[in-house]
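Beneath this line is the structure, given in structure tokens, with notes to follow.
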Amino acid sequence: MPFIKPSEIFPSEITPPEIYRERRRFMQGIGALAAGTALGTMDEAHAGIKLDGVRASVYKLDEARTPYKDITTYNNFYEFGTGKGDPAKNAGSLRTRPWTLAIEGEVRKPKTWDIDALLKLAPLEERVYRMRCVEGWSMVIPWVGFSLAELLRRAEPTGKARYVEFVSLNDPKQMPGQRSRVLDWPYVEGLRLDEAMHPLTLMAMGLYGEVLPNQNGAPIRLVVPWKYGFKSAKSIVKIRLVEKQPVSSWTRANPEEYGFYSNVNPQVDHPRWSQAKERRIGEFFKRDTLMFNGYASQVAGLYRGMDLKKYY
Ligand SMILES: Nc1nc2c(c(=O)[nH]1)N[C@H]1C(S)=C(S)[C@@H](COP(=O)(O)O)O[C@H]1N2
Ligand SMILES: [Mo]
């Protein structure tokens, strides 16, 4: 198959942009001929590089996918600025090769993975997930990746491991937004171990069948579809298994507004706005926000007996 392997991804800086885009268009044309419309990923002209061997999965939705253009130009990634258009404009300075992801803390087998080894750790699946930002907008995104559990299992968590902490890259030279103190850098998020082991919890390395664009958290990010978007940390360099509940960047910045759990919940309003409705990007009328973002049948059991107004 004439697909480019992940190990052959070149940063755009080394090729003049016209030639780079032309080459990618050419490869995509070939890819489209070979793959037909497999997974429906060839329905738009994308700018990205096709990922090898992506399988379909049981995670599909009967909802229109948000256009590639919107997913990749309307972003939150404060390391590249606080405006929605800033990440697409500024994230070109992020170097995603070489890249390593360290798994450490309460594990029997700590390991620093090279990103190209990670891409081969488990079969890559396409998973179409609903995503909901705490600000009140949502998208439907066809991610590519595998369950975080695949990675955590291999690290063999010890009996002391109760939480998982995710740490994004901290490098103001590559991330101009880190020169401002909007958040405490690096960006940190956390999950309870059982949330992290849940099959829905995804390590994403692509979207729409292609390598993850920098503005969406390349080369590897977390995706937790039943929680507000900020739990899904981008450009991760470290995963730490710990005994105590981690303090996330957003909780540190504003504990009144952002709790540890941050489950999508139409009944628990943000102190400054209602969470009962949301705007799906591309739609005119608002939709009702769904409990656990529509994943209640799969995840409600994780919170049985908990007061979700207290543990918001
Ligand atoms: N490192 C890092 N991860 C991050 C953020 C960020 O600013 N920095 N923003 C979060 C927020 S608020 C949202 S809504 C999602 C947005 O992901 P997307 O741009 O791929 O849709 O990323 C989350 N992950
Ligand atoms: Mo968000």
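Each number in the numbering used here comes from the position in the sequence shown (counting from 1) with 2 added on.
Backbone N, C-alpha and C fix where the C-beta goes; we use that ideal spot for every residue, glycine too.
Closer than 7 Å: residue i CB and nearest ligand 1 heavy atom
i           : result
residue 236 : yes
residue 170 : yes
residue 218 : yes
residue 133 : yes
residue 260 : no
residue 189 : yes
beta-carbon residue i near ligand 2 non-hydrogen atom, thresh 7 Å
i           : result
residue 82  : no
residue 78  : yes
residue 231 : yes
residue 137 : yes
Residue i - DSSP class collapsed to helix/strand/coil
i           : result
residue 297 : coil
residue 232 : helix
residue 260 : coil
residue 214 : coil
residue 306 : coil
residue 35  : Confidence is the limiting factor: at residue 35 the pLDDT is only 40, short of 50, which leaves the residue's position unreliable, though a coordinate-based value still follows. Note: residue 35 maps to helix in three-state DSSP.
residue 141 : strand
residue 42  : Residue placement at residue 42 cannot be trusted, given a pLDDT of 42 that sits under 50; what the coordinates show is reported in the next sentence. Helix.
residue 65  : coil
residue 81  : helix
residue 1   : Limits of the chain in this structure are 3 at one end and 314 at the other, which puts residue 1 out of reach.
residue 159 : strand
residue 106 : strand
residue 206 : strand
residue 276 : coil
residue 170 : strand
residue 30  : Residue confidence for residue 30 is low, a pLDDT of 47 falling below 50, so the modelled location carries little weight; the figure read from the coordinates is stated next. Residue 30 falls in the helix class under three-state DSSP.
residue 91  : helix
residue 114 : strand
residue 23  : Low per-residue confidence applies at residue 23: pLDDT is 41, beneath 50, and the placement is therefore not dependable, though the value from the model is reported in the following sentence. It is helical.
residue 179 : helix
residue 313 : coil
residue 96  : coil
residue 254 : helix
residue 54  : coil
residue 271 : coil
residue 152 : helix
residue 123 : coil
Residue i versus the options, residue with shortest Cα-Cα distance
i           : options            : result
residue 127 : 108, 141, 143, 147 : 147
residue 149 : 270, 61, 67, 272   : 61
residue 139 : 305, 286, 306, 204 : 286
residue 315 : 221, 306, 270      : With the chain covering 3 to 314 only, the question about residue 315 has no answer from this structure.
residue 123 : 103, 108, 142      : 103
residue 274 : 187, 263, 256      : 256
residue 67  : 228, 131, 195      : 131
residue 202 : 305, 263, 301, 217 : 301
residue 155 : 270, 200, 217, 119 : 200
residue 117 : 73, 106, 100, 269  : 100
residue 85  : 57, 254, 160, 217  : 217
residue 227 : 153, 267, 239      : 267
residue 65  : 309, 160, 129      : 129
residue 98  : 238, 299, 151      : 238
residue 297 : 59, 229, 252, 310  : 229
residue 160 : 121, 108, 169      : 108
residue 152 : 311, 183, 253, 105 : 105
residue 312 : 270, 299, 289      : 270
residue 290 : 276, 87, 169       : 276
residue 197 : 81, 54, 225, 57    : 225
residue 89  : 185, 219, 304      : 219
Check: residue i C-beta below 7 Å from any heavy atom of ligand 3
i           : result
residue 277 : Judged by which ligands are present, ligand 3 is missing from the structure shown, whose ligands are ligand 1 and ligand 2.
Chain D contact for residue i (CB, 8 Å cutoff)
i          : result
residue 88 : No chain D is part of this structure, which consists of one protein chain only.
Flag this pair as touching only if the region 207-215 and the region 47-57 have three or more C-beta atom pairs under 8 Å; answer yes or no.
-> yes
If you pair each beta-carbon of the region 123-139 with each one of the region 279-291, do three or more pairs fall below 8 Å?
-> yes
Counting Cβ pairs, one atom from each stretch, are 3 or more of them under 8 Å apart for the region 172-192 and the region 228-237?
-> yes
Are the region 64-77 and the region 88-95 in contact at 8 Å, needing three or more beta carbon pairs?
-> yes
Do three or more CB pairs link the region 169-177 to the region 112-132 at distances below 8 Å?
-> no
Inter-stretch contact (C-beta, 8 Å, three-pair minimum) for the region 245-256 and the region 161-172 = yes
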